[in-house]
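Since the structure comes first, as structure tokens, the remarks are kept for the end.
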Ligand code: NCD
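Numbering (this note's numbering), first residue to last: 1 to 304.
In structure tokens:
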């Protein structure tokens, strides 16, 4: 019974092919017949979510499971119940898997220690968001014509991830998977929003021009104000001026570069409308692919 806790431990090639099988299946039968909802999958969300939650709920239904969504405000968590006790409770009720989003780094590992059902990390604090990393990778894999995923198929591609790197679990999971596939990863943010120490698998810069120069892939990230200590960002206007992904800034990138964003987007802050809605944007493809990838990951986790 595999847990899905970090990006590095994902069987990437297997999951890309599973996601692709789900995409093909759903393209052929947009409303597939689903088996009766005999199995339960719990979605335990201690932080807000739209895309991730909706995709996991759909994935559960596609796999013939009933999604049981529990949000922190509307559960016994609000009465002081610990994560471990909530997980034990769901196990006692026979759920087959628990999808967990939590503000604390390492919460999925803590949950995994007391759970008989697989735990799927749907984002833990500023740490990891492995299924987002995987759906971004899948989106690029489709975009580049499904190269052999066992190879370093992103070799020679430059990826610029621009935004609140310090607090971004998306940046971390993406960095792992993109560099594993051979991409040259650049992480770009104002100095206060960059990691403190150098990283083995990425270049760090606070110069957006340097990050975007000849980039094939540009990924914008939301400012994670809910995780920021006060004073880390001097002004939103200065951020827009120096880091917003807009038409002018993208001139430094390759003409055929693609633009990504995990959402939610703060339009006019980290990305301009014309780029978010423009022809180079893969943003809605990412959202769509999120369903296939969550179906793949859940299918993998539910393997006996
Ligand atoms: C991200 C998250 O929650 O980590 N969103 C998502 O899952 N699509 C990014 C964010 O909140 O900015």
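Don't be surprised by glycine CBs; every beta carbon is placed ideally from N, CA and C. Values in this document were obtained by computation on a predicted structure and should not be read as measured data.
Neighbourhood of residue i by C-beta, 7 Å cutoff - its chain only, sequence neighbours within 5 removed
i, result
"residue 25", "32"
"residue 280", "257, 258 and 259"
Extent of the continuous beta strand (DSSP E) run through residue i
i, result
"residue 71", "65–71"
"residue 123", "119–124"
Distance, residue j Cα to residue i Cα
i, j, result
"residue 212", "residue 289", "25 Å"
"residue 132", "residue 257", "20 Å"
"residue 66", "residue 45", "16 Å"
"residue 241", "residue 266", "15 Å"
"residue 88", "residue 114", "7 Å"
"residue 204", "residue 15", "29 Å"
"residue 28", "residue 193", "44 Å"
"residue 287", "residue 140", "13 Å"
"residue 86", "residue 118", "14 Å"
"residue 17", "residue 148", "10 Å"
"residue 252", "residue 246", "11 Å"
"residue 195", "residue 168", "10 Å"
"residue 181", "residue 160", "15 Å"
"residue 271", "residue 94", "43 Å"
"residue 173", "residue 228", "19 Å"
"residue 21", "residue 9", "21 Å"
Residues near residue i by beta carbon distance below 6 Å, same chain, minus five either side
i, result
"residue 125", "103, 104 and 105"
"residue 84", "114"
"residue 71", "45"
"residue 209", "252"
"residue 223", "164"
"residue 55", "290, 291 and 294"
Reference residue i, options the options, closest by Cα
i, options, result
"residue 100", "120, 196 and 82", "120"
"residue 39", "49, 22, 59 and 23", "59"
"residue 1", "82, 218 and 116", "116"
"residue 108", "293, 128 and 197", "128"
"residue 90", "78, 62 and 43", "43"
"residue 6", "207, 57, 112 and 35", "112"
Cβ-based neighbour list, residue i, same chain, cut-off 8 Å, excluding 5 preceding and 5 following
i, result
"residue 150", "13"
"residue 199", "175 and 187"
Span of the alpha helix (DSSP H), counted from its first residue to its last, around residue i
i, result
"residue 169", "169–180"
"residue 12", "12–28"
"residue 114", "107–114"
"residue 283", "283–301"
"residue 97", "Residue 97 -> not in any alpha helix (DSSP H); beta strand (DSSP E) instead, spanning 97–102."
"residue 62", "51–62"
"residue 39", "Note, residue 39: premise wrong, no alpha helix (DSSP H); beta strand (DSSP E) at 39–45."
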